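Protein chains in written order, with UniProt numbering: chain Z, 1 to 459; chain U, 1 to 459; chain W, 1 to 459.
Below you'll find the structure, written out as structure tokens, and then a few comments.
Printed below as a string of structure tokens:
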């Protein structure tokens, strides 16, 4: 069932082991504990320091929720394909484990070195997971059509570009984007869409019968959906300022998602001829509300505002799945396996715009002394309007970086050396995985069918 | 496979979208950030306020555990049915997303408005999830026999009645019920049982072959069970007073559940002719220990007392599934799909009684200065015995509210306008969901069977 | 399908109920709330005590993560077997619910009584879950070949020996082992391996066709794997000193696991003739990095050191599955169902050695004022080298206790009174569980096959 080109016997070990050895060497040279994790520095100035004030206790629960979203959320969300569950969870796992290490270095480099060293702690862990999320969004666009080696190569470049883009937005443009509507979702989606465009397969319909779900695979995917949905308030609030900011962000996200869910169910039934709900919408569009408050969530968006944004996000996401995805495929040759344009692309752009608008109306009368936590740059010389402009410029920069980056990386990934699957074997685990035996389950079905066929031939 | 009456094309969108629009408007008019989420008010009086003392850090981890119970726990617990997994997880998701918004308004209204506004923060989020839990318990009683529109209508009324009952218990009667043995479990169970009684279907056995589990569906259900079991200590302690109270409640619940689990396994094997364990018992009765310490968990119940209560709860729950459920169905015409009477009904009543008894023996010698955290009303004029009486009165009120409320709402839901499934298509996803294609999985089995049958006909 | 010997009708109820009643009585006599959970003692000396400083807030989130690892992580990891999912999750649940209660007593006894009482709180909950983890590791070695009664008997003895061994290591030898490389993993693995050696079944290949996975069972197992992987940082850090220690341990474990994962994927593809990944490796070896930093994680291992350890752990674990497990079975007659030697045994020993080496190089220049948090015993009379020697002695003691304990307990479990399955019915749920009906799922497959066979006989 495999031919030489998809054989990973040498390719995958070489890439995994070389990358990890490089990572280990770079960590040895460049990485140090930060002051909250180093035994010496934590008590350097004050031996009576209150251990309960260590940043760990105020960030780690959020980190673990984000971690679950990255590994269970994204991993299981993509198991909806009937014969690609091992690869969905398994490659998600591999790519994420690599990306979070590489992101620690890239983000550490751009976020500012300390005497030539990168400092790590729970905040760097969250940031690394965030960057990983962006790579996994792109993975969703090309799901089923790429080899694990291709995905690791993509991750090397995408993590690097992510860090550059994040640096431009947050450090040069002073944009606010705590939950990553722009840096994570918009960037990951349009990068992935461009990659899948470059990797366009005209004969992909040869695997068409595998590019769909079965009953149990849809239930596995719902595990991913629900975890993403539940923990999104933690995602958006994980690196905001402590106190009311973190609290408010979680609250806004909670309401946005709840509102988005009702919109999703409503429109999913409406656009179906028989009024039946579509699992693709429920699994994906119901999450768009989290994406769309990624920028404005920490601001004084109010529950009211959050719910409006969530409602819009769910609506455009369902409509996107129904009407836009087929057009993107037929007209623009964008084969977007998971529909990341509908879940991350359009809601990400919506989130960026909502963030700009919300920033534009920020004022001391609304934020009081809390203004500087949310908008540290706003003062007499730099008005709320300036902030809004920076938010919009950031969106444009992100789109540009993602599209150009995806274009270049797409061509790199097109080289016929990574063991990508042939058109006939896309969306199929068995080319990269040792498959379980024939007793029971899906495999037996095949056997049963073959037996039936044999019977027919014999009779 | 669907006829006009179950077509959701217009019904579901209209209900979802209208409800969400109403919610958004009401939130716009009525809801404000509380002092821990509002940028201005958090630092109003003190710009040097310690952000680490924001309530978020002491409630949010509990909230997330409760959130997992509501969406993963309840959602997957109900996937045990072989062909109702989409609806179990999916309608659970829809109902919960609606109910938590509506509950925010209803509870906010009864818990006390602030200058005409409802204040929201992590505590209101927990309370809204609690109320949602009650609705999901009722959903368990009618599972498989109702349309999503019916369930949304039920949620509107049940959330409202829940808030009224909660107000009577906690504010008028000064009852204590941190984990909701009465307000959540007893109320949700008896409300749902009455609704399913009113919706009695004499010909339900036409769908009998679908009202059971298959191997994998039971494993999915175990995901729900285990999550509920693990996080129940967080559920019962989520809104108790901070400090020792929250700590003690979690500990008591942990021991009650452990003890309950051994009782469940013991009695499950004992009541089976071949000594085999029954998945229905393991999935449900093992959780009764959490329900039964919902009231007394925050009190000085001691691990010893908690374990006795857990043991009793597991025992009556298994015996209920084995001996009482068939009687309820045949004699009282109560078709209780998930057996909520055994998991939430009887253990809830047990929990209420345990709470009354534990309150009756409360004294300063046991609680010291902590007495007022647990029983703020107890003083020279209002003795522990008075508290116990209030607890029992609260149980009676709850039962009355649930039964009368369920009766009325049952009749409302009986109107033939909500697209409820016909008797032959209960416990069946395909009337409300677009089903995945025929390749692999369950669907293929049907095909295989049909093929076999065709063969027989041909020969 | 069952004969008398495997009928649990009396055996299981008697054991469960008697054990629980004994536990309840012992808890009644011996167990008290500790100062952080007792209403009176918490506010005894200071009515203005800050409730936010209750230990609950600094340990409970870690506890819940550990709890998820024990019940979901271990439980689902073992569902990889095609027809043993009910038993894997279900017996895991039963054994764990018993062990955590029994461990509270045994550990409480050895950790020091308070005026004849055992004090409980969130730390005792974590410790009890840790001890339970050790029993579940041993369960993995004998999975599929034992009855639930056997496992409860094993748990009684193993928990006791665990507590003795832990007492020797931590209290007598002053060893450090926060994440339990020795106390939990090495002990549990070698204990279980010895038990399975004593219970050797020469004719186990009669059940060979059931001792393997199917497609969906491997996906269920991945739920267990990913949860263990994500929450291992919480496991290793759950009972370290507060502050930088806990923060650093989580960080080290995070990097060790990430590095281990890349090594696992690389070597899994390398050792396969077609370069295909093996689910057994991914499900298990990717976790070895967490085991291997269980001792040194709280020390100043640095991310660099952690990644090297993780890489080595993943490598030896994959090679163990590929080359050592078959030898252990054929030469040493050790039938290790889950390969716990590769996941917990060798990586546990590696972790103990890494811990000794890291302790040997500890110095004030590296740890500063934090030295005494990590190594309370190190001073002028007790050098870092002494500490290292104690670590190695501890490893030897652990191996000795595990092997001798496992030998004795193995012979106790060999008595033909516990209803162990016959060789032909190992790895089979149906002897201990009421199986779901014939519609759909796996059962139907059997029916289909039988029908085919009938047809052949008739023709």
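Positions of the beta carbon are idealized from the N, C-alpha and C atoms, including for glycine.
Values in this document were obtained by computation on a predicted structure and should not be read as measured data.
The closest CA to that of residue 68(W), considering only 132(U), 165(U), 233(U), is found on 233(U). For residue 60(Z), the enclosing alpha helix (DSSP H) stretches over residues 56-68. Counting the other Cβ atoms within 10 Å of the Cβ of residue 394(Z) gives 16 or more, which makes it buried. Short of 6 Å from the beta carbon of residue 315(Z), and not among the five residues preceding or following it, lie these beta carbons of its own chain, in chain order: 263, 267. The continuous stretches of beta strand (DSSP E) do not include residue 214(W), and DSSP gives it neither H nor E. Residue range 31-33 is occupied by the beta strand (DSSP E) that includes residue 33(U). Within the same chain, 78, 192, 337, 338, 340 come within 7 Å of residue 140(Z) by CB-CB distance, once the 5 residues on both sides are set aside. Beyond the five residues adjoining it in sequence on each side, residue 93(U) comes within less than 7 Å, by CB distance, of 71, 75 in the same chain, given in chain order.
Cβ atoms of residue 83(U) and residue 210(U) come within 8 Å of each other, at about 6 Å. The beta carbon of residue 144(W) is closer than 7 Å to those of 81, 84, 211, 337, 426, 427 in its chain, skipping five residues each way along the sequence. Per the C-alpha coordinates, the member of 367(Z), 436(Z), 228(Z) positioned closest to residue 44(U) is 367(Z). Contact of residue 244(W) with chain Z by beta-carbon distance below 7 Å involves 36, 37, 38, 39, 42, 54. Look at the beta carbons and you see the segment 141-161 of chain W not touching the segment 282-295 of chain U: under three pairs across the two are nearer than 8 Å. Rounded to the nearest whole angstrom, the CA to CA distance from residue 304(Z) to residue 24(U) is 6 Å.
Between the C-alpha atoms of residue 397(W) and residue 407(W) there is a straight-line separation of about 15 Å.
Short of 7 Å from the beta carbon of residue 318(Z), and not among the five residues preceding or following it, lie these beta carbons of its own chain, in chain order: 264, 267, 268, 271, 281, 285.
Contact annotation: the segment 187-207 of chain Z does not touch the segment 30-48 of chain U, with fewer than three C-beta pairs closer than 8 Å.
Among the residues of the segment 135-166 of chain Z, those with a Cβ less than 8 Å away from any Cβ of chain W are 148, in the order of the chain. Note that the C-beta distance between residue 310(U) and residue 228(U) is not below 8 Å. Listed as beta-bridge partners of residue 117(Z) by DSSP are 114(Z). Contact of residue 374(Z) with chain U is assigned, a C-beta pair being separated by under 8 Å.
Take residue 175(Z), set aside five residues on each side of it, and the residues of its chain with a beta-carbon closer than 6 Å to its own are 169, 390, 391, 394, in chain order.
Measuring C-alpha to C-alpha distances from residue 300(U) to each of 411(U), 226(U), 399(U), 252(U) identifies 252(U) as the nearest. With a threshold of 8 Å between beta carbons, residue 47(W) makes contact with chain U. Taking 9 Å as the cut-off between beta carbons, the residues of the segment 355-371 of chain W near chain Z are 364, 365, 366, 367, 368, 369, 370, 371, in sequence order.
In the structure shown, residue 301(U) falls within a coil segment according to DSSP collapsed to helix, strand and coil. By the criterion of at least three beta-carbon pairs nearer than 8 Å, the segment 179-187 of chain Z is in contact with the segment 289-297 of chain Z. With a cut-off of 8 Å on Cβ pairs, the segment 125-140 of chain U is not in contact with the segment 48-55 of chain U, counting fewer than three such pairs.
Selection 435(W), 418(W), 434(W) evaluated against residue 5(W) yields 418(W) as nearest (Cα-Cα). One Cα belongs to residue 378(W), the other to residue 109(W), and the distance between them is close to 27 Å. Judged by beta-carbon spacing, residue 86(Z) lies within the 8 Å limit of residue 429(Z), meaning their Cβ atoms are closer than that value. Listed in chain order, the non-local C-beta contacts of residue 7(Z) below 8 Å within the same chain comprise 419, local neighbours out to five positions each way being set aside. Nearest neighbour of residue 277(Z) by Cα position, chosen from 89(U), 64(U), 63(U), 372(U), turns out to be 89(U). At a cut-off of 8 Å, the C-beta of residue 326(Z) has no neighbouring C-beta in chain U. Residue burial annotation: residue 226(W) is buried, with at least 16 other C-beta atoms found within 10 angstroms of its C-beta.
For the pair residue 236(W) and residue 132(W), the Cα-to-Cα distance works out to about 15 Å.
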